[in-house]
Amino acid sequence: MTEKFLWGGATAANQCEGGYDKGGRGLSVMDFVPGGKIRLKLLHESGVDLSRIDEKYNYPNRVGNMHYTHYEEDIKLMAEAGFSVYRMSISWSRIYPTGFDEIPNQEGINFYHKIFKLLKKNNIEPLVTICHFDLPIEIARTIDGWYNKQTIDLYVKYATTLFDEYSQYVKYWIPFNEMNVGAFGALMPIGVDSNRFDNSLEVTYQCIINQLVANAKIIEIGRKYADNNFGTMIAAHASYAFDCNPQNQLANVISERMFRFFCGDTQVFGKIPNYAANYFKLNNIEINISASEQKNIAENTVDFLAFSYYSSSTIDEVTEREKSSGNMFVSSKNPHLVESEWGWTLDPIGFRIILNELNDRYRIPLFVAENGLGAFDQIVDGEIEDDYRISYIKEHLRALKQAIEIDGVNVFGYTLWGWIDLVSAGSGQFDKRYGIVYVDYNDNGEGTFKRIKKKSFYWYQQVISGQEKIN
Ligand code: BG6
């Protein structure tokens, strides 16, 4: 795929761009998802009101970190850090404001032309996510997002516009961010709250199936353009059975299938796996997928597998144990691991394990599309000494190096999540910071959006240039 290992950072349009009402952009689902602790509760339990905004909440994704107006400065910082790749996403409603429009919004198209030109000038390869938890609100409001097959056609039109406009700059595409997260049935990945329906599991999986169909369709179209490479992208985590009790081991195997492997298995091997077909049958889930859609999936498999890795989880079906959270998963607390301030287990060995598992299972190039530490940062005398972040990244890079050099895992790049502070997807907080660049903004909506390089910026810059060795 590429001779050179790609080093860089990752963001998503809905979490960093802001400018929700600028440049002809239409509103998107994330513009209606409140920030703060209430976010997960609303997403998973009581529902998000997509019809209006509520004065008692704030809506941080509308503001992001104002990359929309700071993109030149941000790309300069990427270049200074030595990035050779930038994983970014495009805002669908900036290109097609309602999703149903006949023609795209020229101002939106121009915005990304400017970004890609600047990246090119700085020798930074764009790796583009076409849909990162981002759907024009009208599609969610009027046709229930990904539950409706019409959304496939709207997405194909949108993606085709991106190929027409940007294939001259982009050769790595990720059609969907973390497709497997759709299994939670939550609004962000599938654009519909499946809990509203009696047969919520059926709705959830129909949405994922529709995304798998859309994914194959745009791969077929995209291959007609220049040298395009397509990747699936899954939320990965190492998953352990709590102990050697066979019941826990089996529970671990089973739980991993429909969550971690279903999307990747379908997209890499070109067929809905038998365990999924059985799962649908046993749970009275009737999936609507035609023979020609299945053929299309078989003929348009992905070229690489991208994934996010933050933490691991532990399963104990036999004994009720204290729980810990993670990137969307709640699991039994692992007594061997410490946790971040948000209760996510810190587990670099788990990173090496997952790299091996994915490599052995799929045998296609891997790309680490997200990894990083969300933490509170303090500015002292204008400086941010984030040694905790440096140590998290260092330990994960050591695991990556061992996976490549000792285990022979085939990985072609690594992008640090939220390389510049942005809005957290899960909590909607700005103060949950991942960046090696600090953005002066906070959860109270105060700040100037000034960018400040953290200690980790200089450290990561040295890693990329090879001056800092990871041993
Ligand atoms: C991934 C998402 O699941 O995790 C990102 O692709 C997200 O959008 C990242 O930001 C970190 O999660 P959080 O909830 O800390 O922002």
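Mapped onto this note's numbering, the consecutive letters of the sequence shown carry residue numbers 113 to 583. Heads up, the beta-carbon is just placed ideally off N, CA and C, and yes, glycines get one too.
**Q.** Segment limits, alpha helix (DSSP H) that includes Met300
**A.** Here residue 300 is taken as the residue at index 188 of the sequence shown, counted from 1. Per DSSP, Met300 belongs to the alpha helix (DSSP H) from 299 to 302.
Q. Are the CB atoms of Gly376 and Thr426 nearer to each other than 8 Å?
A. Locating residue 376 in the sequence shown gives position 264, where the first residue counts as 1. Locating residue 426 in the sequence shown gives position 314, where the first residue counts as 1. No, they are not a contact pair.
**Q.** Residues near Gly525 in its chain [Cβ-Cβ closer than 6 Å; skip 5 each side]
**A.** Here residue 525 refers to the residue found at position 413 when the sequence shown is read from its first residue. Leu118, Val197, Phe479, listed in sequence order.
(Q) Can you check which of these residues, Trp529, Val282, Glu332, is closest to Val240 by C-alpha distance? (A) The sequence position of residue 240 within the sequence shown is 128, counting from 1. The shortest C-alpha separation from Val240 is found at Val282.
Q. What are the start and end residues of each continuous alpha helix (DSSP H) run of 4 or more residues lying completely inside the region 458 to 509, in chain order?
A. Taking only runs of at least 4 residues, the alpha helix (DSSP H) segments lying wholly in the region 458 to 509 are 460 to 474.
Q: Put Ile242 into one of helix, strand or coil per three-state DSSP.
A: Translated into positions along the sequence shown, residue 242 becomes position 130. Ile242: strand per DSSP, three-state reduction.
Q: Helix, strand or coil for Arg206, going by three-state DSSP, please let me know.
A: Stepping through the sequence shown from its first residue, residue 206 is reached at position 94. Of the three classes helix, strand and coil, the one that applies to Arg206 here is helix, per DSSP.
Q: Please name the residue in Lys134, Val549, Arg164, Ile397 whose C-alpha comes closest to that of Glu250.
A: The sequence position of residue 250 within the sequence shown is 138, counting from 1. Considering only alpha carbons, the answer is Arg164.
Q: Could you tell me the boundaries of the alpha helix (DSSP H) in which Ser568 lies?
A: The residue labelled residue 568 in the question sits at position 456 within the sequence shown. Segment 567 to 577, the alpha helix (DSSP H) holding Ser568.
Q. Expressed to the nearest angstrom, what Euclidean distance is found between the alpha-carbon atoms of Pro248 and Leu162?
A. On the sequence shown, position 136 is the one that residue 248 refers to. On the sequence shown, position 50 is the one that residue 162 refers to. Distance between the alpha carbons of Pro248 and Leu162 is about 11 Å.
Q: Using 7 Å as the cut-off, classify the Cβ of Trp529 as near or not near the heavy atoms of the ligand BG6, replying yes or no.
A: Here residue 529 refers to the residue found at position 417 of the sequence shown. Correct: Trp529 has its Cβ closer than 7 Å to the ligand BG6.
Q. Who are the Cβ neighbours of Phe463 in its own chain at under 6 Å, not counting the five residues just before and after it?
A. The sequence position of residue 463 within the sequence shown is 351, counting from 1. Closer than 6 Å at Cβ, skipping near neighbours: Tyr421, His508, Ala511.
Q | Where Arg253 falls: helix, strand or coil (DSSP) | A | The residue you call residue 253 lines up with position 141 of the sequence shown. Helix.
Q.
If I measure Cβ to Cβ from Pro477 and keep anything under 8 Å in the same chain, skipping five residues before and after, which residues do I get?
A. Position 365 of the sequence shown, counted from the first residue, corresponds to residue 477. The residues are Met113, Asp415, Phe416, Leu417, Asn522, Val523, Phe524.
Q) Roughly how many whole angstroms lie between the Cα atoms of Phe144 and Glu167? A) Reading the sequence shown from its first residue, position 32 is the one you call residue 144. Reading the sequence shown from its first residue, position 55 is the one you call residue 167. Roughly 12 Å separates the two Cα atoms.
Q.
Measuring only the C-alpha atoms, how far is Val492 from Gln574?
A. For the purposes of this step, residue 492 is taken as residue 380 along the sequence shown, with counting starting at 1. For the purposes of this step, residue 574 is taken as residue 462 along the sequence shown, with counting starting at 1. If you take the alpha carbons of Val492 and Gln574, they lie about 23 Å apart.
Q. Just to check, is the beta-carbon of Ala363 closer than 7 Å to a non-hydrogen atom of the ligand BG6?
A. If you number the sequence shown from 1, residue 363 lands on position 251. No; taking the cut-off as 7 Å, the Cβ of Ala363 has no heavy atom of the ligand BG6 nearer than that.
**Q.** Host alpha helix (DSSP H) of Gly334 (start-end)
**A.** Reading the sequence shown from its first residue, position 222 is the one you call residue 334. Per DSSP, Gly334 belongs to the alpha helix (DSSP H) from 312 to 334.
Q. Is the CB-CB distance between Ser279 and Asn327 below 8 Å?
A. Residue mapping note: residue 279 aligns to position 167 of the sequence shown, counting from 1. Residue mapping note: residue 327 aligns to position 215 of the sequence shown, counting from 1. No; because the gap between Cβ atoms is not below 8 Å, this pair is not in contact.
Q) Looking at the structure shown, is Gly120 part of a helix, part of a strand, or coil, going by DSSP? A) The residue you call residue 120 lines up with position 8 of the sequence shown. Reduced to three states, the DSSP call for Gly120 is strand.
Q.
I'd like to confirm something about Ser420: is its beta-carbon nearer than 7 Å to some heavy atom of the ligand BG6, or not?
A. Here residue 420 corresponds to residue number 308 of the sequence shown, with the count starting at 1. Flag set: Cβ of Ser420 near the ligand BG6.
**Q.** Anticipated Cβ contact below 8 Å, Phe569 with Tyr553, distance rounded
**A.** The count along the sequence shown starts at 1 and reaches residue 569 at position 457. The count along the sequence shown starts at 1 and reaches residue 553 at position 441. So it is not a contact: roughly 17 Å between Cβ atoms.
**Q.** N-terminal and C-terminal residue of the alpha helix (DSSP H) that Ser404 is part of
**A.** In the sequence shown, residue 404 corresponds to position 292, counting from 1. Residues 403 to 411.
**Q.** Glu184 versus Leu230: straight-line alpha-carbon distance, rounded
**A.** Counted from its first residue, the sequence shown places residue 184 at position 72. Counted from its first residue, the sequence shown places residue 230 at position 118. Taking the straight line from one Cα to the other gives about 8 Å.
Q) Skipping 5 residues on each side, what residues in its chain have a beta carbon closer than 8 Å to that of Glu405? A) Start at 1 with the first residue of the sequence shown, and residue 405 comes out as number 293. Hits under 8 Å: Val325, Ala328.
Q) When DSSP labels each residue in this structure, what does Ile600 get in the three-state scheme? A) Any answer about residue 600 is impossible in this case: the structure gives the chain only from 113 up to 583.
Q. Should Trp531 and Ile548 be called a contact, given that it needs their Cβ atoms to be closer than 8 Å?
A. On the sequence shown, residue 531 is found 419 positions in, with the first residue counted as 1. On the sequence shown, residue 548 is found 436 positions in, with the first residue counted as 1. Cβ distance < 8 Å, so Trp531 and Ile548 count as in contact.
Q: Leaving out five residues on either side along the sequence, give the residues of the same chain with a beta carbon under 6 Å from the beta carbon of Ala338.
A: What you label residue 338 is simply residue 226 of the sequence shown in a count that begins at 1. Taken in chain order, the residues that qualify are Ser279.
Q: Answer with buried or exposed for Ala348, where buried requires no fewer than 16 other C-beta atoms within 10 angstroms of its C-beta.
A: For the purposes of this step, residue 348 is taken as the residue at position 236 of the sequence shown. The residue in question, Ala348, is buried, as its Cβ has 16 or more Cβ neighbours within 10 Å.
Q: With hydrogens ignored, establish whether the beta-carbon of Lys153 is closer than 7 Å to any heavy atom of the ligand BG6.
A: Position 41 of the sequence shown, counted from the start, is the residue given in the question as residue 153. For the ligand BG6, not one heavy atom lies less than 7 Å from the Cβ of Lys153.
Q: Give me the Cβ distance between Thr527 and Ala122, rounded to the nearest whole Å; I'm assuming they're in contact under 8 Å.
A: Start at 1 with the first residue of the sequence shown, and residue 527 comes out as number 415. Start at 1 with the first residue of the sequence shown, and residue 122 comes out as number 10. Their Cβ separation, rounded to whole angstroms, is 4 Å, which keeps Thr527 and Ala122 in contact under 8 Å.
Q | Nearest neighbour of Ser577, chosen from Leu152, Gly194, Leu139 [CA to CA] | A | Along the sequence shown, read from residue 1 onward, the residue named residue 577 stands at position 465. The residue with the shortest Cα to Cα distance from Ser577 is Gly194.
Q) Whose C-beta lies closer than 6 Å to the C-beta of Cys128 among residues of the same chain, with five residues either side of it excluded? A) By 1-based counting over the sequence shown, the position of residue 128 is 16. Once the five neighbours on either side are set aside, the close Cβ partners of Cys128 are Gly176, Asn177, His179, Leu534.
Q) Counting pairs of beta carbons, one from the region 385 to 404 and one from the region 310 to 318, are three or more of them closer than 8 Å? A) yes
Q: Quickly, what does DSSP pair Pro248 with across the bridge? List them, please.
A: Here residue 248 is taken as the residue at index 136 of the sequence shown, counted from 1. Bridge partners of Pro248: Ser140.
Q.
Going by the DSSP bridge assignment, what does Val551 pair with across the sheet?
A. On the sequence shown, residue 551 is found 439 positions in, with the first residue counted as 1. According to DSSP, which records beta bridges pairwise, Val551 is partnered with Arg563.
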